[in-house]
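Protein chains in written order, with our numbering: chain A, 1083 to 1439; chain B, 1083 to 1439.
Listed below in structure tokens is the structure:
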């Protein structure tokens, strides 16, 4: 049996996804080629596709027994939908959605992320604004620019690129972003509304929203299903669990203190893995027929690659695809969904403020 | 085998605890006698008591195999602690904590609840303020009084008695309460902070806080344990799950759409039942040795009672106490903790605003 590198990985250890970059995914996908897959569009019928806004049937590739959930394709659909709506709004009321990004310091990875967001905005017709402040800026200066964007009616979403320099209080800077423009959805008021029945958040965090969107687009029903979320980060695991619960799943949350992660995971009909530990979820953790959404994007050594590394998920793909009924690949699964959801949130914000249906 | 009325109850149906009165408990305990129990203080050694602030050992009665978690006793301890702190603060800085209650309409139960809160405040030396508005008041009038309390430095906690008359928008009235005085902890900003790692809510909702406090006081460890919360209401189930997760339990949330509630519940080391369905959780649902916190307070017909009814929990006590290692009775378990936590939250608020340690 070929089980790829999963078997040679270190014994599963459980690390919190504290350093998960909320937006790494979108970028990584740009830099990397997609995994081999056979496009078997005839298999699409096995899912009741919910792509009501798109006339295209969704591609469903088959690898071993699992269907491959193609995030790259779905994110493209969403971008096209956003572009069409941006254009319709501009024609109807002359308003163009705008996204402002605040970048502090000289981190190369952050600069790349910001550049990619800018490109993504351009590709769908959303205006992008950028402020780039030096590493040694004062907190008040950053807040001053955020306040300016709060007051600027041409800005509908504000995103502070993390991490901020260590001398800054991340929490107080993020709190300065107006909740009406918090397209990241990380404001505690948004998280609170997400947790509460009968309340509606203004924005849902992009990566977990992307996970649920993939399930929806592939017609995978959530209601009444057992869902296990692995990881409880503020940016993925926790909001993903709240979203699944809003859709009437019965949720369990597995984390670094969980004593029997494998056993609990094996009870799940739907697994969302967001822990930042390469290949942690092995085939034996998976109930036959479960659906797997793999949020992890972990670099592991790869002598065959010219870069010396390759990217793998939190789930051992080679094993999982033999047990699961559907699975997202890494890269090309959840990754591209994050920026697509950011664009969608920015559009939603502009529509809301202008009461445009 | 005597299994009491559980066997004659209707087949377990699962209703959301939508009408659970967040404060019913404290009052019911006043009106009802406690269940029979033998006070076996010698058994207290079987729990590592965490009542660090109290020198009294906690009473642990034994009924069948389960220890009885005595909420009436613990709530008395907490009230005594609050009273001592109120007195110390008054002597040190001349400040007396104040709780304001807004009551609209003529519901007798609401009037009773408000009266009991007032009495509880008096008993620990907290000032209580009350506004009683007529049923046909306008929303703006209610908000005007809330604003007055928001601005009043002698008021440290504001509580709007629910339900409000049907012509009022409950959400917008509750939103008018300043987050610094939201001693109920129901503001979405507080719930969001409760959900997020690294954030601290200003207040934690009283009933779930009372559940966790009982576990703490009885030295029941939570970290790494599997906890199942039955019910996902905004006022009990959901915040109880968030609290358990903050304490590093592995949580699962069972609700009206859960397909295999019994099986999932049986996996739990700790069960918090908050669903408002009499005797729903049967003995067979419980893993031997599990700890049960029963939030339900359900009236059921009882021809032997002069009132024609008695109160039972969501858990079939007669069966559960033979399987569990510890259990809260109904009444006398979680019930009395709610008002105790309300007093504690009001004290915390006053301490915070005056920076009194």
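Cβ coordinates follow ideal geometry from the N, Cα and C atoms, glycine included.
Check: With respect to the beta strand (DSSP E) encompassing residue 1211(A), which residues constitute its N-terminal and C-terminal limits?; Outcome: 1209–1215
Check: Could you name the residues of the same chain whose beta carbon sits closer than 8 Å to that of residue 1185(B), not counting the 5 residues immediately before and after it, in chain order?; Outcome: 1192, 1193, 1196, 1212, 1213, 1214, 1215 and 1243
Check: For the segment 1320–1335 of chain B, list every residue whose C-beta sits within 9 Å of some C-beta in chain A, in sequence order.; Outcome: 1320, 1321, 1323, 1324, 1327, 1330, 1331, 1332, 1333, 1334 and 1335
Check: Thinking C-beta only, is residue 1262(B) closer than 8 Å to residue 1435(B)?; Outcome: yes
Check: Buried or exposed: residue 1210(B), going by 16 or more other Cβ atoms within 10 Å of its Cβ?; Outcome: buried
Check: Residues in the segment 1257–1280 of chain B with C-beta within 9 Å of chain A's C-beta atoms, listed in sequence order?; Outcome: 1268, 1269, 1270, 1271, 1272, 1273, 1274, 1275, 1276, 1277, 1278, 1279 and 1280
Check: Consult DSSP for residue 1309(B) and reduce its assignment to one of helix, strand or coil.; Outcome: strand
Check: Counting pairs of beta carbons, one from the segment 1349–1368 of chain A and one from the segment 1387–1399 of chain A, are three or more of them closer than 8 Å?; Outcome: yes
Check: Counting contacts by CB-CB distance shorter than 8 Å, is residue 1439(A) in contact with chain B?; Outcome: no
Check: Does DSSP put residue 1332(A) in a helix, in a strand, or in coil?; Outcome: strand
Check: In this structure, does DSSP put residue 1280(B) in helix, strand or coil?; Outcome: coil
Check: Give the straight-line distance between the Cα atoms of residue 1276(B) and residue 1201(A), rounded to the nearest whole angstrom.; Outcome: 36 Å
Check: Would you mind telling me which residues of chain A sit closer than 9 Å to residue 1337(B), beta carbon to beta carbon, in chain order?; Outcome: 1327, 1330 and 1332
Check: So residue 1239(A) and residue 1361(A) are in contact, right, with Cβ under 8 Å, and what is the actual spacing, rounded?; Outcome: In fact, because the Cβ distance is near 35 Å, the residues do not count as touching under 8 Å.
Check: Taking all protein chains shown into account, decide if residue 1175(B) is buried (16 or more other Cβ within 10 angstroms of its Cβ) or exposed.; Outcome: exposed
Check: I need the boundaries of the alpha helix (DSSP H) containing residue 1175(B), first residue and last residue.; Outcome: 1153–1175
Check: Compute the Euclidean distance between the alpha carbons of residue 1110(A) and residue 1288(B), then round it to the nearest angstrom.; Outcome: For residue 1110(A), the pLDDT reaches just 31, beneath the cut-off of 50, and the residue's location in the model is therefore unreliable, leaving the point undetermined.
Check: Tell me which residues share the same chain as residue 1329(A) and place their Cβ nearer than 8 Å to its Cβ, disregarding the 5 neighbours each side in the sequence.; Outcome: 1294, 1304 and 1305
Check: I think residue 1221(B) touches residue 1250(B), with their Cβ atoms under 8 Å apart; what is that distance to the nearest whole Å?; Outcome: 5 Å
Check: Examine chain B for any beta-carbon lying closer than 8 Å to the beta-carbon of residue 1431(A), and answer yes or no.; Outcome: no
Check: Looking at chain B, is there any beta carbon in it that lies within less than 8 Å of the beta carbon of residue 1371(A)?; Outcome: no
Check: Residue range of the alpha helix (DSSP H) that residue 1297(A) falls in?; Outcome: 1288–1299
Check: Residue 1170(B): buried (16+ other C-beta within 10 angstroms of its C-beta) or exposed?; Outcome: exposed
Check: Considering only residues of the same chain and omitting the five flanking positions on each side of residue 1269(A), which have a CB-CB separation below 6 Å?; Outcome: 1261
Check: Hey, could you find the ends of the alpha helix (DSSP H) residue 1418(B) is sitting in?; Outcome: 1417–1435
Check: Does the Cβ of residue 1439(B) lie closer than 7 Å to at least one heavy atom of the ligand PLP?; Outcome: Of ligands this structure carries none, so the ligand PLP is not represented either.
Check: Between the alpha carbons of residue 1151(A) and residue 1402(A), how many angstroms are there, rounded?; Outcome: 13 Å
Check: Nearest-angstrom Cα distance between residue 1164(A) and residue 1241(A)?; Outcome: 18 Å
Check: Would you give the residue range spanned by the alpha helix (DSSP H) that residue 1180(B) belongs to?; Outcome: No alpha helix (DSSP H) contains residue 1180(B), which is instead part of the beta strand (DSSP E) from 1180–1186.
Check: So, for residue 1167(B): in the same chain, excluding its five sequence neighbours on each side, which residues have a beta-carbon less than 7 Å away from its beta-carbon?; Outcome: 1429
Check: Who are the near neighbours of residue 1349(A) in its chain, counting only those whose CB is closer than 6 Å to its CB and skipping five residues on each side?; Outcome: 1308
Check: Which residues in chain B sit within 9 Å of residue 1305(A), going by Cβ to Cβ distance?; Outcome: 1339
Check: Take residue 1283(A) and list the residues in its own chain whose beta-carbon comes closer than 6 Å to its own, dropping the five residues that flank it on each side.; Outcome: 1272, 1275 and 1276
Check: Tell me the DSSP bridge mates of residue 1393(A)?; Outcome: 1381(A)
Check: Are at least three pairs of beta-carbons, each pair with one atom in the segment 1342–1357 of chain B and one in the segment 1309–1325 of chain A, less than 8 Å apart?; Outcome: no
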